[in-house]
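Before any comments, here is the structure.
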């Protein structure tokens, strides 16, 4: 496909189909409605199935059933809807099923608002539902990256038999940019889905059970430990991060998604003022690129975390920096997107040695 | 030597955990026999509930998925849409289906999903120790209605078949019982018909089976069977509530 101007939500939906997703279950919620709308229009043409569920609770359980049946399956929602899905996401992780989730974040808490936010970071990166588990979390900053990460998410989900989430915000969902979407075959070395419930006639009589119930503590502990061995592999193999102008930077902004775009503009402006500032942009939020901070710790004087929240990713920055350098924070919330000028002022204050 | 009784090949050899006098075992067997007789066991996927039948995946000799509480019809929807040729059924109790899962069952019915639902109604929460269900009879004591379910404040029994029969996209809705041999044979015919309809792609079918809970009712197995006949059936009349295809 040639480069085409697309809206973020539609680009994500098209990327899912290009990666072999043929099943979508969802429920309307702003600002992600173009994803189910696109899927309802385009999936049948690709031989797939779109079902509008009666709720996010039902949608995620349809995803569980389809994933357990061996399909590449997607659901999408926005913050309050993702909250409703958390029980099902826990079951999916517990039953070790692959699926892809898209959260086009809006502002909370509660019904909140429909403007962009990044306040679901804790929920996304700490499991979100009950029990010991993680979700692989990918945070695109451009629409092309949203396409690429959506495609990648299906491979990661299949490889680790775990939910993978594309965590974007209403800005990424609603803006338009040129994207190129090439058909992407599943990676050749993905494990076979010999656990999928397709009927025992297709398995030589071997019964396949999709389940997350283990009443004996010994058995359940072994099960959770096996899941966490996968997470060790995820943390070893799947960390993704971009460093921008960090080689000489005294101040490093840490930001992801939409705020990273704005930070990039702020950095260009600050560089013109002669301030040596760079950007560390986590692309995977779980696994978090903690190791990327290590080589920066010698030279960098200050880290500045910018988020559209009251400060959530900053906890992971604190873990990575481990008290060795001061960490400043600038956040807007409620659906307010920080401006370039606001970030420039924060950087200037740090450059002048003043606390923000 | 003539074999007069044997385990259905539709069931595994796992010993069932059900209490003495509980009719889950009988209902499992009717389902298993139906799947074997229709020749579809090898392409069947069961969806187990949360509740007494949570281990149904250990007992039905086919592939299975364990659903979250009440969500079995949504899970079944996901499976069936991926594998339309699979025979997909949910096996749910009254707490699972008629309380926490009411949204999922109503909307699976509304979509006319081509699945079969086996709904086991014993008017109480069994697994958790005998709490009040939406299906508990007025006046019936439970651990959360110790004075008996009071119509004022706790309402009156929810009749699932009658309610779902109002939904246009459903195909076959019936209520049966297994408290004596003639009723058991009729239940078998209903369950088999429900699966036959799915094989023929005729759409959504639900068989409600009145069941016993001697343990939480505080009755002997024999008295529990009698209690079904004398107390449950007047509240939950047996019969066919919707049958768009006719036949037997």
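Chains as they are written, first to last, in our numbering: chain A, 1 to 356; chain B, 357 to 604.
Ideal Cβ positions, reconstructed from N, Cα and C, are used throughout, including at glycine.
Which first and last residues belong to the beta strand (DSSP E) in which residue 477(B) is found?
472-477
Give the residues of chain A in contact with residue 543(B), contact being defined as C-beta atoms less than 7 Å apart.
Correct list: empty, because the minimum Cβ distance to chain A is about 25 Å.
Applying a beta-carbon distance threshold of less than 9 Å, which residues of chain B neighbour residue 25(A)?
430, 433, 434, 437
Buried versus exposed, by CB contacts within 10 Å (16 or more), residue 319(A):
exposed
The segment 71-88 of chain A: which residues have C-beta closer than 8 Å to a C-beta of chain B, in chain order?
71, 73, 87, 88
Using only the alpha-carbon positions, how far apart do residue 7(A) and residue 517(B) sit?
46 Å
Measure how close the beta-carbons of residue 105(A) and residue 118(A) come, nearest whole angstrom, since I'm counting them as under 8 Å.
6 Å
So does the segment 303-322 of chain A actually touch the segment 253-267 of chain A, counting three or more Cβ pairs closer than 8 Å?
yes
Between residue 562(B) and residue 543(B), is the Cβ-Cβ spacing less than 9 Å?
no
Buried or exposed (CB count within 10 angstroms, at least 16 for buried), residue 339(A):
exposed
Contacts of residue 413(B) in chain A (Cβ-Cβ under 8 Å)
209, 211
What residue ranges within the segment 113-201 of chain A form continuous beta strand (DSSP E) runs of no fewer than 3 residues, ordered along the chain?
136-138, 163-169, 176-179
How many angstroms separate the CA atom of residue 430(B) from the CA atom of residue 592(B)?
26 Å
So with CB distances below 9 Å, who are the chain A contacts of residue 408(B)?
Those within 9 Å of residue 408(B) in chain A number zero; the least Cβ separation is about 13 Å.
Alpha carbon to alpha carbon, how far is residue 468(B) from residue 598(B)?
13 Å
Distance check for residue 102(A) and residue 336(A), CA to CA, integer angstroms please.
21 Å
Below 8 Å, how does it come out for the segment 136-149 of chain A and the segment 186-199 of chain A: are there three or more Cβ pairs, yes or no?
no
Cutoff 9 Å: residue 375(B) Cβ touching any chain A Cβ:
no
Within the same chain, show all residues whose beta-carbon is closer than 6 Å to that of residue 356(A), passing over the 5 residues directly before and after it, in chain order.
Caution is warranted here: a pLDDT of 43 is assigned to residue 356(A), below 50, making its placement in the model unreliable, and no coordinate value can be reported.
Closest Cα partner of residue 56(A) within the set 88(A), 16(A), 267(A), 35(A)
88(A)
Less than 9 Å between CB atoms is the rule here; does residue 505(B) satisfy it with respect to chain A?
no
Output yes or no for whether 9 Å exceeds the beta carbon distance between residue 534(B) and residue 383(B).
yes
With DSSP collapsed to three states, give me the class of residue 524(B).
coil
Quick one: any contact between the segment 422-429 of chain B and the segment 390-406 of chain B, if contact means 3 or more CB pairs under 8 Å?
yes
Cβ separation of residue 32(A) and residue 77(A), assumed to be a contact under 8 Å, to the nearest whole Å
6 Å
Distance, residue 220(A) Cα to residue 244(A) Cα
43 Å
Residues bridged to residue 77(A) by DSSP?
103(A)
Any C-beta of chain A sitting closer than 9 Å to the C-beta of residue 367(B)?
no
Drop a sphere of 10 angstroms on the beta-carbon of residue 537(B), count the other beta-carbons inside from all chains shown, and report buried for 16 or more, exposed for fewer.
exposed
Checking contacts by CB at 9 Å: is residue 358(A) closer than that to chain B?
The displayed coordinates of chain A run from 1 to 356. Any statement about residue 358(A) would go beyond what the structure contains.
Residue 391(B) to residue 548(B), Cα distance in whole Å?
8 Å
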